[in-house]
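Residue numbers for the sequence shown follow our numbering, beginning at 1 and rising by one.
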Amino acid sequence: MQNSLYVALSSQIALEKRLTTTANNVANMATAGFRAEGVSFSELLAKSSRGDVAFVDSGKSVLSQAAGPLTKSDSPLDVAVQGNAWFGVKGPKGTLYTRDGRLTMDANGQLRTVGGLPVVDPGGGPLLLDPQAGPPVIGRDGSIHQGINQVGALGVFTLDPKAKLTRSGENAVASSLPGQVVQDFTRIGVVQGYVEGANVNPIMEMTKLIAIQRAFESAATMTSEAENTLTGAVKTLGPQG
Numbered sequence: 001m002q003n004s005l006y007v008a009l010s011s012q013i014a015l016e017k018r019l020t021t022t023a024n025n026v027a028n029m030a031t032a033g034f035r036a037e038g039v040s041f042s043e044l045l046a047k048s049s050r051g052d053v054a055f056v057d058s059g060k061s062v063l064s065q066a067a068g069p070l071t072k073s074d075s076p077l078d079v080a081v082q083g084n085a086w087f088g089v090k091g092p093k094g095t096l097y098t099r100d101g102r103l104t105m106d107a108n109g110q111l112r113t114v115g116g117l118p119v120v121d122p123g124g125g126p127l128l129l130d131p132q133a134g135p136p137v138i139g140r141d142g143s144i145h146q147g148i149n150q151v152g153a154l155g156v157f158t159l160d161p162k163a164k165l166t167r168s169g170e171n172a173v174a175s176s177l178p179g180q181v182v183q184d185f186t187r188i189g190v191v192q193g194y195v196e197g198a199n200v201n202p203i204m205e206m207t208k209l210i211a212i213q214r215a216f217e218s219a220a221t222m223t224s225e226a227e228n229t230l231t232g233a234v235k236t237l238g239p240q241g
């Protein structure tokens with residue numbers, strides 16, 4: 001009798017996490033470089049006198065690896081990554097990785113993200129340009145030229161599929177394993193003058209929200225019915241006064 005209550009409660013907990021994740025995806029549909037997040041679930045088996053009972057765990061967050069759409073901006077400081085790679089930026093606690101290539105140049109010529117984080121080169125160092133030397137030309141390999149001189153290169157990194165990725169802000173991630181510098185730009189490349197949008201499918205996410213809401217209501221009904229059954233059993237089987 002209690003098993004049905006536990007199953008319903010575990011379902012509600014899992015659905016709540018899925019609802020929060022999906023709502024966050026919808027809220028960031030217009031966030032440059034945002035990667036949609038999903039939740040994968042697995043069953044937990046518990047032994048009872050009547051056999052195994054399946055519960056749903058709270059779920060594991062998984063970032064979508066699909067690329068977002070590219071929008072032409074024509075700004076020389078806007079760049080996007082084609083392929084499964086990331087730009088490196090310097091966070092408060094180490095290197096972060098982002099698909100948001102909307103760059104800015106401060107008064108000293110240092111390249112930064114629109115959020116103010118320093119953009120790094122392949123070695124993890126800062127990128128310093130000459131504010132007086134005109135707009136940079138950025139190549140497919142991330143190389144940065146001003147006039148005839150190469151003044152640096154964007155750090156472009158791949159992340160190990162086994163690495164645990166943790167969100168940092170809206171569109172950056174921290175990796176449990178260090179990123180690897182891209183050496184071969186045959187299938188991976190940097191394009192200048194473009195911005196990558198969020199890889200969120202609005203119709204799909206809204207459909208998910210509706211389905212989750214309905215499932216949550218069903219689980220809530222199941223919980224209520226299980227509680228009523230348990231309460232009735234206690235009254236029936238309890239001490240008679």
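Think of the CB as a built atom: it goes at the ideal place given N, C-alpha and C, for glycine as much as any other residue.
- Annotation: the segment 118-173 contains the following complete segments of the beta strand (DSSP E) (minimum length 3 residues), in chain order: 143-146, 149-153, 156-158 and 165-168.
- Within the DSSP bridge table, the entry for Thr95 names Lys90 as partners.
- Take Thr71, set aside five residues on each side of it, and the residues of its chain with a beta-carbon closer than 7 Å to its own are Tyr194, Val195 and Gly197, in chain order.
- The shortest C-alpha to C-alpha distance from Gly139 to any of Gly155, Thr22 and Pro161 is the one to Gly155.
- Under a 10 Å Cβ-count criterion, Leu177 is classified as exposed, with fewer than 16 other Cβ atoms of the shown protein chains found around its own Cβ.
- By the Cβ test, the segment 25-39 is in contact with the segment 163-181, since at least three Cβ pairs between them sit closer than 8 Å.
- In this structure, the CA atom of Val137 is about 14 Å from the CA atom of Thr104.
- Excluding five sequence positions before and after Val26, the CB atoms of its chain that fall closer than 8 Å to its own CB belong to Val200, Pro202, Glu205, Met206 and Leu209, given in chain order.
- Taking C-alpha positions only, Gly189 is separated from Ala215 by approximately 42 Å.
- For Gln192, the enclosing beta strand (DSSP E) covers residues Gly189 to Gln192.
- Around the beta carbon of Asp121, 16 or more other beta carbons lie within 10 angstroms, which makes this residue buried.
- Beta-carbon to beta-carbon, Gly147 and Ala133 are separated by about 6 Å, close enough to satisfy the 8 Å threshold.
- The residues Asn84, Ala85, Trp86, Gly179, Gln180, Val182 and Ile188, in chain order, have a CB closer than 8 Å to that of Thr158 in the same chain once the five nearest residues on each side in sequence are set aside.
- Taking a 10 Å sphere around the C-beta of Gly125, we find fewer than 16 other C-beta atoms and assign the residue as exposed.
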